[in-house]
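Q: Sending over a structure as structure tokens; questions will come in a sec.
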Amino acid sequence: MSDTAPLTDLAREAMVIRLTNELRLANERLAALELEVLNSRDHAIGRATEVGELRHRLLAQAAMYERRLSEARQTHATHDVNHRAHIARLEEALVTANAATRDAQRSVANINAELARTKASFTWKLGRTMMWPVRVLKRLVRRA
Numbered sequence: 022m023s024d025t026a027p028l029t030d031l032a033r034e035a036m037v038i039r040l041t042n043e044l045r046l047a048n049e050r051l052a053a054l055e056l057e058v059l060n061s062r063d064h065a066i067g068r069a070t071e072v073g074e075l076r077h078r079l080l081a082q083a084a085m086y087e088r089r090l091s092e093a094r095q096t097h098a099t100h101d102v103n104h105r106a107h108i109a110r111l112e113e114a115l116v117t118a119n120a121a122t123r124d125a126q127r128s129v130a131n132i133n134a135e136l137a138r139t140k141a142s143f144t145w146k147l148g149r150t151m152m153w154p155v156r157v158l159k160r161l162v163r164r165a
């Protein structure tokens with residue numbers, strides 16, 4: 022038994038050394054995996070922070086665009102009211118101008134009719150006949 026005992030002790034020591042090495046390798050692998058987990062966690066936390074920041078920026082931009090849209094709608098409404106009022110004033114001015122034009126045309130027609138009656142009158146024809154020599158003399162003086 023003494024011969025087998027040292028072999029068993031050697032085998033046991035070899036097994037202990039082998040198991041110790043395996044344990045050391047397993048611990049190193051465990052440490053590497055723990056480091057990987059920590060790195061992954063840090064990366065996930067960083068990404069979550071970025072997502073939060075992006076969400077905040079997105080909400081801020083949405084609020085800004087909503088404010089701009091509201092301002093644009095108010096401005097458009099104001100301009101629309103002003104344009105409609107201006108159009109109403111122009112239409113009213115057009116109606117007034119059309120009425121004035123009709124009155125002026127009636128007045129011109131009345132004056133033309135009066136002129137035609139005057140030229141058709143005996144007095145006008147007599148005066149024209151009497152003034153004919155004067156007109157001829159004036160024409161001769163102008164040509165000379």
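Under my numbering, the first residue of the sequence shown is numbered 22, with each subsequent residue one higher. Cβ coordinates follow ideal geometry from the N, Cα and C atoms, glycine included. Note that the coordinates shown come from a computational prediction; the quantities given were computed from them, not determined experimentally.
1) Helix, strand or coil: how does DSSP classify Ser172 here?
2) What separation, rounded to the nearest whole angstrom, lies between the Cα atoms of Asn42 and Leu51?
3) Let me know the secondary structure DSSP gives Ala165 once reduced to three states.
4) Among the residues of its own chain, which have a CB less than 8 Å from the CB of Met22, if the five just before and after it don't count?
5) Quick one: Cα of Glu135 to Cα of Val155, how far?
A: So, from the listed chains and residues:
1) Residue 172 lies beyond the range of the chain shown here (22 to 165); nothing can be said about it.
2) Counted from its first residue, the sequence shown places residue 42 at position 21. Counted from its first residue, the sequence shown places residue 51 at position 30. So the alpha carbons of these two residues sit roughly 14 Å apart.
3) Counted from its first residue, the sequence shown places residue 165 at position 144. Ala165: coil per DSSP, three-state reduction.
4) Numbered from 1 along the sequence shown, position 1 holds the residue referred to as residue 22. Note that Met22 has pLDDT 46, beneath the 50 cutoff, so the model's placement of it is unreliable and the number below is only indicative. Non-local C-beta neighbours of Met22 in its own chain, meaning closer than 8 Å and more than five positions away in sequence, are absent.
5) In the sequence shown, the residue the question calls residue 135 occupies position 114. In the sequence shown, the residue the question calls residue 155 occupies position 134. Cα-Cα distance, rounded: 26 Å.
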